[in-house]
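Engineer: Numbering of the sequence shown is given in this note's numbering, commencing with residue 1171 and proceeding in unit increments.
For every residue, glycine included, the Cβ atom is placed at its ideal position computed from N, Cα and C.
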Amino acid sequence: MRIEDDALFRRKHSTEKKPLSAQKHDFKHKRVNKIGNPRYESKARPSKGIVKIRYPELSTYNFAGDTLKVMGIERSEIVRRSTTLIGFNGDPMNTLGEIVLPVFAKGINKETNFNVVDCQSAYNVILGRPWIHEMKAIPSTYHQKIKFPSPWGIQEIASENKSQDGKKSNDDLRLEEVVLDPEHPDRKVFVGAMLPPDIKNTIISFLQEHSDCFAWSHEDMVGIDPNVISHKLNVDPTFKPIKQKRRKFAPERNKVINDEVDNLLKTGKIREVKYPEWLANVVVVQKKNGKWRVCIDFTDLNKACPKDPFPLPHIDAMVDAIAGHELLTFMDAYSGYNQILMHTDDQEKTAFMIDKGIYCYKVMPFGLKNAGSTYQRLVNMMFKEHLGQTMEVYIDDMLVKSERSIDHVTHLEQSFDILRQYKMKLNPTKCSF
């Protein structure tokens, strides 16, 4: 197998050449090489010490036998030796056996042992740590490159950023604003600028019919029914409540704090409280855009709360799961954490002080130790029938995926029906359709 800029992927001993290109790629980008016939497209990327290579033309071959056949490899060449592998999701999988294939990269040829598995995967080949170690290679997920020494100097294999027609693939990711309601021209969403006209128009019509699933202001947020879920702190009773010493702020920051508190009071997210046992200070930090963000210093309260062991999804597994899909929609909940209410018994434990008084949260604020776990528990319950199929969700970031673009609106409708059912609202400025 050859892995480099003008690459072939073929059996060393095959009498009939069956070329397969295998460049390094970011999963968002693609390049097509035409080497003989048929034409194959590859996608590869470095990730956590492994190099993954995918052939979309072979994506219909979901199992090892089909892929090996296309590569000109007979199953009889597999050495029967069963090994148990553990996937990203923690599930065990038994291999069919092993096979040794030559891997050619920038003039260096290495006989490499591969485990063969029968499973559905976005990738046909994974080069693991043994090959990387033998090559003395250094993969970088940030730079989307892999470097290794050779007798003629340091070699580099970089991801390609060109699409099939030679244009930057970032063009395919451009977004345009679309007004959903002519009577409210400020109510806009972002839709892919390069979508085929028929699909784009269908998506826009769908979004216009489901504009109630967006929150255009804090007043539009109804909140999740507390009978469905609420955030409970589960404070360890052996911890003594702590009242932090009041901090002083400069006039500029005091104005920012007071404006934020006035907004929270107006939208019903906080209320005044008297004689709280726990009391925290506000913290004001400057964002990249120069604006200020007001947070609460829940350090002491968090120390008294045991960690919720509810598992969060593995990012690597989620990235792998979206490879090979024609259309993706990224959605973000509007002030996601604030859509979940605090349990009434624990509201006053979130008390904080400013120069005008003492307040506590009625909704789940940012900064609490187990807020992310509570939110993940909610979305797992909401979208349980679709996770891993047509959706991936990480806390308040949601993704709808479709292997065929013609199915995308159907998949969007399934997710929006659930959003309506639970009255969860999306942030239109952070969604991309």
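Report the residue from L1569, M1534, S1543 whose alpha carbon sits nearest the alpha carbon of I1394.
Structural biologist: Against the sequence shown, residue 1394 aligns to sequence position 224. Per the Cα distances, M1534.
Engineer: Would you identify the three-state DSSP class for P1355, choosing helix, strand or coil?
Structural biologist: The residue labelled residue 1355 in the question sits at position 185 within the sequence shown. Residue state, collapsed to three classes: strand.
Engineer: With DSSP as the reference, label E1379 as helix, strand or coil.
Structural biologist: Here residue 1379 corresponds to residue number 209 of the sequence shown, with the count starting at 1. In the structure shown, the three-state DSSP call for E1379 is helix.
Engineer: Nearest chain C C-beta to K1370 closer than 8 Å, yes or no?
Structural biologist: Considering every chain present, this structure includes no chain C. It has just one protein chain.
Engineer: Give me the Cα-Cα distance between M1523 and R1417, rounded to the nearest whole angstrom.
Structural biologist: If you number the sequence shown from 1, residue 1523 lands on position 353. If you number the sequence shown from 1, residue 1417 lands on position 247. Going by the C-alpha atoms only, they are around 9 Å apart.
Engineer: Look at the alpha carbon of E1430 and the alpha carbon of E1422, and state the distance between them as a whole number of angstroms.
Structural biologist: Start at 1 with the first residue of the sequence shown, and residue 1430 comes out as number 260. Start at 1 with the first residue of the sequence shown, and residue 1422 comes out as number 252. Using only the alpha carbons, I get a separation of about 13 Å.
Engineer: Which one of G1506, L1511, W1301, I1510 has the shortest CA to CA distance from Y1564?
Structural biologist: Counting from 1 along the sequence shown, the entry for residue 1564 is found at position 394. If we check each option's Cα against that of Y1564, G1506 comes out closest.
Engineer: Can you check which of these residues, E1555, D1486, D1467, W1386, is closest to A1521 by C-alpha distance?
Structural biologist: The residue you call residue 1521 lines up with position 351 of the sequence shown. Minimum Cα distance to A1521 is reached at D1467.
Engineer: Buried or exposed for Q1314, please, with buried defined as at least 16 other CB atoms from any protein chain shown within 10 angstroms of its CB.
Structural biologist: For the purposes of this step, residue 1314 is taken as residue 144 along the sequence shown, with counting starting at 1. That one is buried.
Engineer: With 16 other CB atoms within 10 Å as the buried threshold, where does L1596 fall?
Structural biologist: Within the sequence shown, the letter at position 426 stands for residue 1596. Buried: at least 16 other Cβ atoms inside 10 Å.
Engineer: Please determine, among S1575, K1402, A1491, the residue with the shortest C-alpha to C-alpha distance to K1477.
Structural biologist: Position 307 of the sequence shown, counted from the start, is the residue given in the question as residue 1477. With distances taken between Cα atoms, K1477 lies closest to K1402.
Engineer: Could you have a look at R1299 and say whether DSSP puts it in helix, strand or coil?
Structural biologist: Reading the sequence shown from its first residue, position 129 is the one you call residue 1299. Reduced to three states, the DSSP call for R1299 is helix.
Engineer: Could you tell me the boundaries of the alpha helix (DSSP H) in which S1575 lies?
Structural biologist: Within the sequence shown, residue 1575 is the residue found at index 405, counting from 1. First-last for S1575: undefined, no H or E at that position.
Engineer: Can you give the Cα-Cα distance for D1261 and D1406, rounded to whole angstroms?
Structural biologist: Working through the sequence shown from its first residue, we reach residue 1261 at position 91. Working through the sequence shown from its first residue, we reach residue 1406 at position 236. The straight-line gap from Cα to Cα measures roughly 34 Å.
Engineer: From the DSSP output, which residues share a beta bridge with W1322?
Structural biologist: Sequence index remark: in the sequence shown, residue 1322 carries index 152 (1-based). BP columns for W1322 are empty, so no partner.
Engineer: Could you please give me the residues that DSSP links to L1596 through a beta bridge?
Structural biologist: Counting from 1 along the sequence shown, the entry for residue 1596 is found at position 426. In the DSSP assignment, the residues bridged to L1596 are F1384, A1503.
Engineer: What do you get for F1500, buried or exposed, if any count of 16 or more other CB atoms within 10 angstroms of its CB means buried?
Structural biologist: Position 330 of the sequence shown, counted from the start, is the residue given in the question as residue 1500. With fewer than 16 Cβ atoms within 10 Å of its Cβ, F1500 is classed as exposed.
Engineer: Return the CA-CA distance between S1572 and P1483, expressed in angstroms with no decimal places.
Structural biologist: As a working mapping, residue 1572 is identified with position 402 in the sequence shown. As a working mapping, residue 1483 is identified with position 313 in the sequence shown. Taking the straight line from one Cα to the other gives about 20 Å.
Engineer: Looking at the structure shown, is N1294 part of a helix, part of a strand, or coil, going by DSSP?
Structural biologist: The residue labelled residue 1294 in the question sits at position 124 within the sequence shown. Looking at N1294 - three-state DSSP - the assignment turns out to be coil, as it is neither helix nor strand.
Engineer: Pick helix, strand or coil for G1494, following the three-state DSSP scheme.
Structural biologist: For the purposes of this step, residue 1494 is identified with residue 324 of the sequence shown, where counting begins at 1. If DSSP states are grouped into helix, strand and coil, G1494 belongs with coil.
Engineer: Can you tell me whether DSSP reads V1398 as helix, strand or coil?
Structural biologist: Along the sequence shown, read from residue 1 onward, the residue named residue 1398 stands at position 228. Coil.
Engineer: Return helix, strand or coil for F1586, following the three-state DSSP convention.
Structural biologist: Mapped onto the sequence shown, residue 1586 falls at position 416. Taken through DSSP and simplified to helix, strand or coil, F1586 comes out as helix.
Engineer: Select from I1369, A1307, G1323 the residue whose C-alpha is nearest the C-alpha of K1317.
Structural biologist: Counting from one through the sequence shown, the residue named residue 1317 turns up at place 147. Nearest option by C-alpha distance: A1307.
Engineer: Please identify the residue among E1347, S1575, P1479 whose C-alpha is closest to the C-alpha of D1368.
Structural biologist: For this step, residue 1368 is matched to residue 198 along the sequence shown. Of the candidates E1347, S1575, P1479, the one whose C-alpha sits nearest the C-alpha of D1368 is S1575.
Engineer: Cβ atoms of I1427 and V1623: under 8 Å apart, would you say?
Structural biologist: Coverage of the chain is limited to positions 1171 through 1603, which leaves residue 1623 absent and any answer about it impossible.
Engineer: At which residues does the alpha helix (DSSP H) containing M1551 begin and terminate?
Structural biologist: Locating residue 1551 in the sequence shown gives position 381, counting from the first residue. 1541-1552 is the span of the alpha helix (DSSP H), which, as asked, contains M1551.
Engineer: For S1400, count the other beta carbons within 10 Å of its own beta carbon; 16 or more makes it buried, fewer makes it exposed. Which is it?
Structural biologist: In the sequence shown, residue 1400 corresponds to position 230, counting from 1. Its Cβ being crowded by 16 or more others within 10 Å, S1400 is buried.
Engineer: Grouping DSSP H, G and I as helix and E and B as strand, with all else coil, what is L1557?
Structural biologist: Walking along the sequence shown from the start, residue 1557 turns up at place 387. Strand at L1557.
Engineer: If distances are taken between C-alpha atoms only, which option among E1555, G1537, L1471 comes closest to N1404?
Structural biologist: Counting from one through the sequence shown, the residue named residue 1404 turns up at place 234. Cα-wise, what sits closest to N1404 is L1471.
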